[in-house]
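K.L.:
Residue numbers 1 to 351, in my numbering, belong to the letters of the sequence shown in order.
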Amino acid sequence: MTSEVNPPASIYNSFALSEIAIRRIHKPLALLFLLLALVLPRAVAETCLSATEMDEPTRSALERTARQFFDYASQGDVFDLKQAAIGSLAANFASVEGVVVDQRPIYAGAQPTVRASYLLEAPSGTPLVRAEFLCGVWATSSWASFAINNLPSGRYGVVIQDLSTRKGKFALTLVLRQEGGAWKLAGYYSKPEEIGGHDSQWFLTKAREYKAKGSNLNAWFYYLTAWDLAAPVDFMSTRALDKLGDEMDSVRPSDLPTSDHPLALAASGGRSYQVIYLSALPAGNDLHLLVKYRMPDVSNTQQTFDENMAVIRAIVGRYPEFREAFAGVMARATEPSGRDYGTLLAMKDVK
1 MTSEVNPPAS IYNSFALSEI AIRRIHKPLA LLFLLLALVL PRAVAETCLS
51 ATEMDEPTRS ALERTARQFF DYASQGDVFD LKQAAIGSLA ANFASVEGVV
101 VDQRPIYAGA QPTVRASYLL EAPSGTPLVR AEFLCGVWAT SSWASFAINN
151 LPSGRYGVVI QDLSTRKGKF ALTLVLRQEG GAWKLAGYYS KPEEIGGHDS
201 QWFLTKAREY KAKGSNLNAW FYYLTAWDLA APVDFMSTRA LDKLGDEMDS
251 VRPSDLPTSD HPLALAASGG RSYQVIYLSA LPAGNDLHLL VKYRMPDVSN
301 TQQTFDENMA VIRAIVGRYP EFREAFAGVM ARATEPSGRD YGTLLAMKDV
351 K
């Protein structure tokens, strides 16, 4: 079975306060930042307080505001949610609005539980090229870190809420910014914590099984999926996520295709394609393989469909181990402009 689809090539939807770059903080860097935080004057360093460290009125205000914003989202009330957003987010609210409307049937009737709350303070001045926040006690379960690029100075809150919905478990993380005496919405992140009823631990176990039998590509994509399901947002790390990151480094492929270093993929009929991206792609209850490749023009949909089918067969022919790990393959022909056209083929139909 095939279908032409254009879902987001991401495991979850995220909308940042400005431009957030995602990077895991490695332990040597984290130790360096910890030492700097100890020797630099507090006024010029980024600071972070966890829920147990901040004063009760501040924590209550953050979590009460986060609950109100969840109520807006669960009711599909994009008007009030937009009214409560900071100016830069309100001016570019279409993506948030789309997700809220799409997920209203999922969130309706759900009751959120606060998993964690943090208070972040960025020193006054120009936006920080890279803001690093260290929270809690290093090397303990309370430790967490945030790394955010181009962050304007100010006082921010991060509230992570867990939800049990009719579509499984979700995490809703809201970034708030204090303006005057009010907390405003600065970032909206909604993501599933399960795929087809399987959580992060299940994918981690499968990754280790693939690694044990030498299927390192499958192991890598399953490790990534385990990490993504476990991480509330991509710009946060914890002790558990760092340990997972260290473990997955052992199977990190050295030759994954990129735009600068594409994979030359030979296909039937003497054709060859330039693959620029490979990743796992959750869709509904299944995990698929996503393959992006270069195409000068995708306007002829029939021709592009045929090229997509050829790429799907070629990538599975080159890496037959994918048959075991993925429910299907999505090929996306991608123009230089970024416009693309995708075709999804169930793995059982890949001949």
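Even glycine gets a Cβ: it sits at the ideal position worked out from N, Cα and C.
Relative to the C-alpha of LYS351, which candidate in LEU256, GLY342, ARG318, LEU163 has its C-alpha closest?
P.N.:
ARG318
K.L.:
In angstroms with no decimal places, state the Cα-to-Cα distance between TRP143 and LEU134.
P.N.:
Straight through space, the alpha carbons of LEU134 and TRP143 are spaced by roughly 8 Å.
K.L.:
Rounded to whole angstroms, what's the CA-CA distance from TYR277 to ASP228? Just pull it up for me.
P.N.:
18 Å
K.L.:
In this structure, what does DSSP give as the bridge partners for ASN149?
P.N.:
ARG130
K.L.:
How many angstroms separate the CA atom of CYS48 from the CA atom of ALA186?
P.N.:
Their backbone Cα atoms lie some 17 Å apart in a straight line.
K.L.:
How would you call ALA66, buried or exposed, if buried means at least 16 neighbouring beta carbons within 10 angstroms?
P.N.:
buried
K.L.:
Would DSSP call SER124 helix, strand or coil?
P.N.:
coil
K.L.:
I'd like the list of long-range same chain contacts for ASP297, defined as Cβ closer than 8 Å, with 5 residues on each side in sequence excluded.
P.N.:
GLU335
K.L.:
Measure from the alpha carbon of THR225 to the alpha carbon of each residue in ALA212, VAL129, LYS191, ASN92, then state which is nearest.
P.N.:
LYS191
K.L.:
Name the residue from VAL275, ALA85, ASP340, GLY157 whose alpha carbon lies nearest to the alpha carbon of MET54.
P.N.:
GLY157
K.L.:
Taking the beta carbon of GLN302 as the centre, do at least 16 other beta carbons fall within 10 Å, making it buried, or is it exposed?
P.N.:
exposed
K.L.:
At what residues does the alpha helix (DSSP H) containing THR52 begin and finish?
P.N.:
Counting along the chain, THR52 falls outside any alpha helix (DSSP H), and DSSP gives it neither H nor E.
K.L.:
In whole angstroms, give me the CA-to-CA distance for GLU247 and ASN300.
P.N.:
44 Å
K.L.:
Quick one: residues in its chain with C-beta nearer than 6 Å to the C-beta of ASP77, no 5 flanking neighbours on either side, listed in chain order?
P.N.:
none
K.L.:
Nearest to GLY181 by CA position, among ALA84, PHE326, ALA346, GLY338, is which residue?
P.N.:
ALA84
K.L.:
Answer yes or no: the CB of ARG64 versus the heavy atoms of the ligand FAD, is any distance below 7 Å?
P.N.:
Ligands in the displayed structure: none, and consequently the ligand FAD is not present.
K.L.:
Candidates LEU241, ASP234, VAL311: which alpha carbon is nearest LEU174's?
P.N.:
ASP234
K.L.:
Assuming the contact rule is C-beta atoms closer than 8 Å, LYS169 and LEU176 should be a hit. Round their C-beta distance to whole Å, please.
P.N.:
The Cβ separation is near 23 Å, so there is no contact.
K.L.:
Spell out a yes or no on whether the segment 199-206 and the segment 251-258 are touching, meaning 3 or more CB-CB pairs, one atom from each, closer than 8 Å.
P.N.:
no
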